[in-house]
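Under our numbering, think of the first position of the sequence shown as 298, with each following residue one higher. Backbone N, C-alpha and C define an ideal beta-carbon position, used for all residues, glycine too. Scroll down for the structure; my scribbles are underneath it.
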Amino acid sequence: MPTHSERRRLPFAPQQLFDLVADIERYPEFLPWCVACRITQREGNVVWGDLMVGFKLFRETFTSKVTLLPPSGIDVEYVDGPFRHLVNHWRFQAAEDGNATDIDFFIEFEFRSRLLQRVATGVFHEAFRRMVRAFEQRAQALHGAAGGAVLSGAG
298 MPTHSERRRL PFAPQQLFDL VADIERYPEF LPWCVACRIT QREGNVVWGD
348 LMVGFKLFRE TFTSKVTLLP PSGIDVEYVD GPFRHLVNHW RFQAAEDGNA
398 TDIDFFIEFE FRSRLLQRVA TGVFHEAFRR MVRAFEQRAQ ALHGAAGGAV
448 LSGAG
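So, in structure tokens, the structure goes:
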């Protein structure tokens, strides 16, 4: 099952980055391949939503349960759609110098369709690198470019 993880250091506060990732309804404004998003239910720090992704002729909608753990993390669990399995975690930790936040991003997924799985596996790592960069650019657009991001590791 493909997995991807990245660690980045961004010159923003953990709460700013948490708020950016937690603002699911704005994803279509800046995330590549995100066509639409709809929140279907909220209960405290848990949000259920439908996300439509599209690339060329491919278009799918899936439902996720998002658990918000402010300001340190966000956990995403797959509920319904084209996947057999999907798990995604974000962690936000203030850097020791207090001038940045270390972000850990992890995703693991498996499509139900073997064809989709083969296609996705070929572009998997680059797609998620682009997605993480889109969040980084959004943070800079919203909060100013207080400095450059440093990629500490990727996998």
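With distances taken from CA atoms, which of the options is nearest residue i?
i    : options                   : result
F355 : F425, L439, H422 and A417 : A417
N342 : G351, D320 and Q437       : D320
V332 : L317, V350 and V318       : V350
G370 : E357, G346, D401 and D347 : D401
F359 : F408, A431 and R415       : F408
G346 : P368, E322 and E326       : E322
S361 : P367, E423 and R381       : R381
E326 : R388, R306 and Q434       : Q434
P368 : A431, R339, G441 and D316 : D316
R305 : R430, G441, V318 and R339 : R430
E357 : C334, V318 and E340       : C334
Return the chain-ordered list of same chain residues with a C-beta closer than 8 Å to the C-beta of residue i, the five sequence neighbours on each side being excluded.
i    : result
G445 : Note that G445 scores a pLDDT of 46, beneath 50, so its modelled location is shaky and nothing firm can be said.
R427 : P329
May I have the straight-line CA-CA distance separating residue i from residue j, to the nearest angstrom?
i    : j    : result
S410 : M298 : 13 Å
Q312 : W330 : 26 Å
G419 : Y324 : 24 Å
A391 : G378 : 35 Å
K353 : H422 : 18 Å
L314 : N396 : 13 Å
T300 : F425 : 10 Å
L365 : F432 : 17 Å
L439 : L412 : 38 Å
Among the residues of its own chain, which have a CB less than 6 Å from the CB of residue i, if the five just before and after it don't count?
i    : result
F403 : S302 and H386
V363 : V344 and V373
R388 : G370 and D401
Is DSSP giving residue i helix, strand or coil here?
i    : result
D320 : coil
R409 : coil
G378 : coil
A424 : helix
F309 : coil
G444 : Confidence at G444 is low in this model, with a pLDDT of 45, below 50, so its placement is unreliable and no value can be given for it.
E303 : strand
A391 : strand
In chain order, what residues of the same chain have a beta carbon less than 7 Å from the beta carbon of residue i, not counting five sequence neighbours either side?
i    : result
Q437 : none
L383 : Y375 and F406
Q291 : Residue coverage of the chain in this structure runs from 298 to 452, which leaves residue 291 outside it and unanswerable.
A310 : T398
In the segment 313-363, which residue ranges form an unbroken beta strand (DSSP E) of at least 3 residues, counting only runs that do not cross its ends? 331-340 and 343-352
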